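Peer 1:
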Amino acid sequence: MPPMPGPEHVAVPLTTTIDGERRRTARDLPDVVRCGVIDAVYVHVPFCFHKCHYCDFYSFVDRQDRQGVFVDRLIEEMTAAAHGWSAPLDSIFVGGGTPTLLAPPHWKRLLASMRSVLPLSTSLEFTVEANPETVTPELAEVLAAGGVNRASIGAQSFEPRHLQTLERWHDPASVVRAAGILREAGIDNINLDLIFGIPGQRLEEWYDDLDAALALGPSHLSCYGLTYEANTAMTRRLEAGAFERIDDALEAEMYGAARTRLAAAGFEQYEISNWARRAGNGIRACRHNLAYWRSRNWWPLGPSASGHVEGWRWKNVPRLGDYLDASPWPPIGDVEHLDDDGQVGERLMLGLRLNEGIAAAELKMLLARGARGGQRRAAFERHTTSGLLEWNGDRLRLTPRGQLLADTVLAEVV
Ligand code: SF4
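Numbered according to the numbering used here, the sequence shown terminates at residue 415, and the numbering increases by one at each position without gaps.
1) When the Cα of Gly-394 is compared with those of Ala-360, Thr-137 and Leu-368, which residue comes out closest?
2) For the region 348-384, list the beta strand (DSSP E) runs that are entirely contained and at least 3 residues long, ordered along the chain.
3) Cα separation between Arg-370 and Arg-348?
4) In angstroms with no decimal places, state the Cα-to-Cα distance between Ala-113 and Pro-89.
5) Could you give the DSSP three-state label for Ser-114: helix, strand or coil?
6) Give a yes or no on whether the C-beta atoms belonging to Asn-190 and Arg-246 are separated by under 7 Å.
7) By DSSP, does Val-62 sit in helix, in strand, or in coil?
8) Would you kindly check if the distance between the Cβ of Val-136 and the Cβ of Leu-111 is under 7 Å?
9) Please confirm whether any heavy atom of the ligand SF4 lies closer than 6 Å to the CB of Gly-98.
10) Enumerated in chain order, which unbroken segments of the alpha helix (DSSP H) with a length of 4 residues or greater are wholly contained in the region 195-219?
11) Does the ligand SF4 have even one heavy atom less than 6 Å from the beta-carbon of Asn-132?
12) Using 8 Å for Cβ pairs, my map puts Ala-174 next to Trp-207. What's the rounded Cβ distance?
13) Do you know how far the Cα of Asn-132 is from the Cα of Asp-249?
14) In its own chain, which residues sit with a C-beta less than 6 Å from the C-beta of His-107, not counting the 5 before and 5 after it?
15) Of the choices Gly-358, His-309, Leu-140 and Asp-342, whose alpha-carbon is the least far from that of Gly-334?
16) For the ligand SF4, is there a heavy atom less than 6 Å away from the beta-carbon of Asp-153?
17) Nearest-angstrom Cα distance between Ala-265 and Asn-275?
18) Verify the contact flag: Phe-94, CB atom, against every heavy atom of the ligand SF4, threshold strictly below 6 Å.
19) Grab me the residues of Val-118's own chain with a C-beta within less than 8 Å of its C-beta, minus the 5 sequence neighbours each way, in chain order.
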């Protein structure tokens, strides 16, 4: 997910002392959080077999000696957190890291525990992120048998030169192979992640990537412009002059190319970087993404996973050692509670990322709340006049040009 400006937060001070240290665990979250109605669960698996140069997620090279204890710990955390949850979960998303690096026996145990501990909706969407090199028939069978019904494959590019620039350790053929194996096992709801704006990438090559992805028949595509995150190898190489960023005009053209090519192939854009095929009365949008952008309640499991419940946000500490040592509740940090104005800003910021935008009635209500209604109203009027926002029936949304400049527009309404 690309970086987004954040609303005003109220930092919540630490209140608990554990082992003589002022540390807080998820057990210390207020009742309104621990007893909230949880819609979705995010699980973070921190292992990878190599660190890609652009990646700033919490992940590290797996020594294969901690998978078992990690899964034991995850089950323990999940059991403690889910005690008392009764509303059926709509979505589980296992990301990372590389979840498909976990060996099949560990997956079997984890999935069996999830089925026995978590209240699952009969229409649950259960997504697992997959690195193409790590998908095997045995693993796919275990995932499908355990209830996984959606896979998100990190394809990124189908051009070996660009994969090399990103330091991705897979070849394009492995994406085709992984999609085939997953389908064979019965997981046919497949997302492919693509990256554009890679140094040296030409517009025609990006079209080729889109076409190669479409040829695999996915139900969902996420297309992100390459971002240079602080403290990544990619950013250090950029700063050392190893390559140049592609220029903004070309990146904007690539974004436009995604819009037109994917629309022509029957995909609907539902968020700035996400497209899905229509199925029945709706589109196969990622429920985990929607839970995030619609500010629903999701619970985090695993080190560095972030959660949101009833306006509270927190993050499990991104250190596997600390996570493994704690029991059963994980140490947490970055605990924040949005004040009323912050909640308004966040709803505006997240809601406008979606193509459905925000309904006039809700917008009116939001602008009447919070301390900065007048300021926000003025920003909306200015951006509607300048063509970055538009009314689509009774809903306000970003225009295609506004989506390109989303960070600027949204920063003003937060
Ligand atoms: S596989 Fe994914 S999580 Fe792991 S290093 Fe690469 S981009 Fe990061």
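A virtual CB, placed ideally from N, CA and C, is assigned to each residue, including glycine.
Quick caveat: nothing in here was measured; it's all calculated off a predicted structure.
Peer 2: From the atom records:
1) Ala-360
2) none
3) 12 Å
4) 17 Å
5) helix
6) no
7) strand
8) no
9) Judged by the Cβ position, Gly-98 qualifies as a neighbour of the ligand SF4 at the 6 Å threshold, a heavy atom of the ligand being closer than this.
10) 204-216
11) yes
12) At roughly 20 Å, the Cβ-Cβ gap does not stay under 8 Å, so Ala-174 and Trp-207 are not in contact.
13) Rounded to whole angstroms, Asp-249 to Asn-132 spans 29 Å at the Cα level.
14) Gln-68 and Val-72
15) His-309
16) Inspection of the sequence shows that residue 153 is occupied by Ser rather than by Asp. No, Cβ of Ser-153 sits at least 6 Å from all heavy atoms of the ligand SF4.
17) 15 Å
18) It does not: the Cβ of Phe-94 is nowhere closer than 6 Å to a heavy atom of the ligand SF4.
19) Ile-76, Met-79, Thr-80 and Ala-83
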